[in-house]
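For reference, each letter of the sequence shown is one residue, going 38 to 483 in the working numbering.
Where is the CB? At the ideal position from N, CA and C, for every residue including glycine.
Notes to accompany the following structure.
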Amino acid sequence: MKLEKRGIPLLEKAVQVLEEGFSELPEAENDFNFDEIASVLTETAEKLRDNYPYFHPLYAGQMLKPAHPIAHLAYMLAMWINPNNHALDGGRASSHMEKEAVAEITKMFGWESHLGHLTGGGTMANMEALWVSGMLNPGKLIVASEQAHYTHNRITQVLKLPFRSVDTDDRAKMDLNRLEDILKEGNVGTVVATMGTTATGSIDPLGEILTLREKYGFRVHADAAYGGYFVLAENLPEETKAAYQYLSEVDSVAIDPHKHGLQPYVAGCIVFRDPAVGKLYKHDSPYTYFSSKELHLGEISLECSRAGASAVALWATQRLFPLVRGGRFAKMLERCHAAALELYGKLAEDSRFIVAFPPELDIVIWAPKAESISKISALSTRQFEEAEERGLYLALATLPVKFFKNDLEGVEIDQEAVTCLRSCLMKPEHLDWVDRIYEMIVGLKM
Ligand SMILES: *Cc1c(COP(=O)(O)O)cnc(C)c1O
Numbered sequence: 038m039k040l041e042k043r044g045i046p047l048l049e050k051a052v053q054v055l056e057e058g059f060s061e062l063p064e065a066e067n068d069f070n071f072d073e074i075a076s077v078l079t080e081t082a083e084k085l086r087d088n089y090p091y092f093h094p095l096y097a098g099q100m101l102k103p104a105h106p107i108a109h110l111a112y113m114l115a116m117w118i119n120p121n122n123h124a125l126d127g128g129r130a131s132s133h134m135e136k137e138a139v140a141e142i143t144k145m146f147g148w149e150s151h152l153g154h155l156t157g158g159g160t161m162a163n164m165e166a167l168w169v170s171g172m173l174n175p176g177k178l179i180v181a182s183e184q185a186h187y188t189h190n191r192i193t194q195v196l197k198l199p200f201r202s203v204d205t206d207d208r209a210k211m212d213l214n215r216l217e218d219i220l221k222e223g224n225v226g227t228v229v230a231t232m233g234t235t236a237t238g239s240i241d242p243l244g245e246i247l248t249l250r251e252k253y254g255f256r257v258h259a260d261a262a263y264g265g266y267f268v269l270a271e272n273l274p275e276e277t278k279a280a281y282q283y284l285s286e287v288d289s290v291a292i293d294p295h296k297h298g299l300q301p302y303v304a305g306c307i308v309f310r311d312p313a314v315g316k317l318y319k320h321d322s323p324y325t326y327f328s329s330k331e332l333h334l335g336e337i338s339l340e341c342s343r344a345g346a347s348a349v350a351l352w353a354t355q356r357l358f359p360l361v362r363g364g365r366f367a368k369m370l371e372r373c374h375a376a377a378l379e380l381y382g383k384l385a386e387d388s389r390f391i392v393a394f395p396p397e398l399d400i401v402i403w404a405p406k407a408e409s410i411s412k413i414s415a416l417s418t419r420q421f422e423e424a425e426e427r428g429l430y431l432a433l434a435t436l437p438v439k440f441f442k443n444d445l446e447g448v449e450i451d452q453e454a455v456t457c458l459r460s461c462l463m464k465p466e467h468l469d470w471v472d473r474i475y476e477m478i479v480g481l482k483m
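Here it is, written out as structure tokens:
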């Protein structure tokens, strides 16, 4: 079996259970033509074949992770209702499920209070965080590292907030000295700490950033879109684990259930530690159908209509896999980190390759060794293409040469950035496939 199909009969049963909840309703006829639907659906399936096999362990490229069957089945189940979590009137059960699921996420960070909701991805989650930052600190700088997601720079343009980026050190972490230079200028409103950079999975030094907050006073937003769930993993390097513990003290966190939370696209999440930020969302639209005293999620969200199904899927997933240390979900993340470490170890020992720093999470970056950075870059691109032809799907990244500085003996540095290979080992099964993936990598032409 290549695509998991065992869940399909379960869905039929669940739809029946759902239907029983509406047994009082009179029958209502419709005239869907299922012969036509079947034919278009078949055509659709044929079209969808044109994709990389994201669900398979030999897809070890970009940051793409298959949704767990519980998530996509629960999502599809909700489609028979199609709730809208804008207001309780549009999705009652699914709004309650969203509140529960989001509360569990904040518990994972060790928070005692919060305000938050799901979003259309990490971009929207970060946008909401920076929008709140701008309201609380009008006209002040938003600062993020050079390896922060490019979305921050763009979002600040949308919000018309000034933005500065800070250099990183050799391990792609925010350089604290450079940060303090900017803080001394005195106009910083918010520092964005990336907890798992998208390119290399590096963690900004959150503890030290919080110490600087005591001295200079600014908001701290953690962009944990990709790395947030790793707060549960116990096999990470000590320094990484220590940084995660400080998530309990930040002002806001963006985390993507569609990155490491086993969810279908799109599911982001923004949470604020101080529920009082809710007052910033006030509006007095005549169209709203907010009818009860209970909180409608649309009252604390920049987006209005949102998929109730995303909340249903997340709730069901967290029911099956509670967000606890030592739990089955945490073990899955630990396997991803172990897989990355193992692949890194093999490549680091092999003189045919250059490697960057050891992975903090589950992303490995490396390149085939050659005489110069430009030759290494060209060779990486060739190997990337050849790997695809052989059924191994990798990714390319262009990164500062300094990330590889410990492994460049005898290499001529003829350019500042190097194009290298990158692999996100985001599936727990990857741990069983590391040997095979490594064998395929060493089989590529040098
Ligand atoms: C993926 C990612 C984003 C953007 O999130 P989307 O869900 O793609 O909109 C932002 N920040 C980081 C660190 C990310 O990894």
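**S239, enclosing alpha helix (DSSP H) - first and last residue** = It is not in any alpha helix (DSSP H) - S239 carries neither H nor E in the DSSP assignment.
**Message:** Let me check you understand the geometry: is the CB of D293 closer than 8 Å to at least one non-hydrogen atom of ligand 1?
**Reply:** yes
**Item:** Expected contact under 8 Å - CB spacing of A291 and A138 to nearest Å
**Value:** Actually they do not touch by this definition, with Cβ atoms about 16 Å apart.
**Prompt:** Is Y475 helix, strand or coil when you go by DSSP?
**Reply:** helix
**Message:** Tell me the DSSP secondary structure of F69 in three-state form.
**Reply:** coil
**Request:** Report the option in K464, L243, R201 whose CA atom is closest to the CA atom of G223.
**Result:** R201
**Item:** Beta-carbon gap between I402 and T237 smaller than 9 Å
**Value:** yes
**N- and C-terminal bounds of the alpha helix (DSSP H) containing L357** = 345–357
**Request:** Compare the beta carbon distance of L247 and E286 with 9 Å and say whether it is the shorter of the two.
**Result:** yes
**Message:** I'd like the list of long-range same chain contacts for M369, defined as Cβ closer than 6 Å, with 5 residues on each side in sequence excluded.
**Reply:** P465
**Item:** Inter-stretch contact (C-beta, 8 Å, three-pair minimum) for the region 146–163 and the region 260–267
**Value:** yes
**Message:** Check for me: the alpha helix (DSSP H) holding S289 runs from which residue to which?
**Reply:** Per DSSP, S289 belongs to no alpha helix (DSSP H); it is in the beta strand (DSSP E), 289–292.
**Item:** Exposed unless 16 or more other CB atoms sit within 10 angstroms - verdict on A82
**Value:** exposed
**Asked** Is I45 buried or exposed, if buried means 16 or more other CB atoms sit within 10 Å of its CB?
**Response** exposed
**Prompt:** How about T277 and I240: are their beta carbons less than 9 Å apart?
**Reply:** yes
**Rounded straight-line distance, which links the Cα of D387 to that of D444** = 11 Å
**Prompt:** Can you find a heavy atom of ligand 1 that lies under 8 Å from the Cβ of N163?
**Reply:** yes
**Request:** Work out the CA separation of S131 and V349 for me, nearest whole Å.
**Result:** 6 Å
**Request:** Just confirm the distance between the C-beta atoms of H109 and P294, as a whole number of angstroms; I'd bet it's less than 8 Å.
**Result:** Their Cβ separation, rounded to whole angstroms, is 13 Å, which puts H109 and P294 out of contact at 8 Å.
**Prompt:** Near I192, what residues of its chain come up, given a Cβ to Cβ distance below 8 Å and the 5 sequence neighbours on each side ignored?
**Reply:** T160, N163, M164, L167
**Message:** Quick check on DSSP: helix, strand or coil for C373?
**Reply:** helix
**Asked** T156 and I307 look like a contact to me (Cβ under 8 Å); what is the Cβ gap, rounded to whole Å?
**Response** 6 Å
**Prompt:** From this set, G233, L357, V314, which residue's C-alpha is nearest E336's C-alpha?
**Reply:** V314
**Prompt:** Using a Cβ-Cβ cut-off of 7 Å (strictly less than) and excluding sequence neighbours within five positions of W117, which residues of its own chain qualify?
**Reply:** V52, L55
**Prompt:** Secondary structure at N121, three-state DSSP: helix, strand or coil?
**Reply:** strand
**Asked** In the structure shown, what three-state DSSP assignment does M100 receive?
**Response** coil
**Prompt:** In this structure, does DSSP put I450 in helix, strand or coil?
**Reply:** coil
**Asked** For D387, which of helix, strand or coil comes out of DSSP?
**Response** coil
**Request:** Identify the continuous alpha helix (DSSP H) that holds D46 and give its terminal residues.
**Result:** First, the residue type needs correcting, since residue 46 is Pro and not Asp in the sequence shown. Where P46 is concerned, the enclosing alpha helix (DSSP H) stretches over 45–57.
**Asked** Helix, strand or coil for S170 per DSSP?
**Response** helix
**Asked** In terms of residues, what are the limits of the alpha helix (DSSP H) holding D87?
**Response** Per DSSP, D87 belongs to no alpha helix (DSSP H) and is neither H nor E.
**Message:** Using a 10 Å radius around the Cβ and a threshold of 16 neighbouring Cβ atoms, would you call F441 buried or exposed?
**Reply:** buried
**Item:** Coil, strand or helix - D260 by DSSP
**Value:** strand
**Message:** Under DSSP, the alpha helix (DSSP H) around A111 begins and ends at which residues?
**Reply:** 106–115
**Prompt:** At which residues does the beta strand (DSSP E) containing H154 begin and terminate?
**Reply:** 152–156
**Prompt:** Under three-state DSSP, which class holds S463?
**Reply:** The sequence as given places Met at residue 463; Ser does not occur at that position. Residue state, collapsed to three classes: coil.
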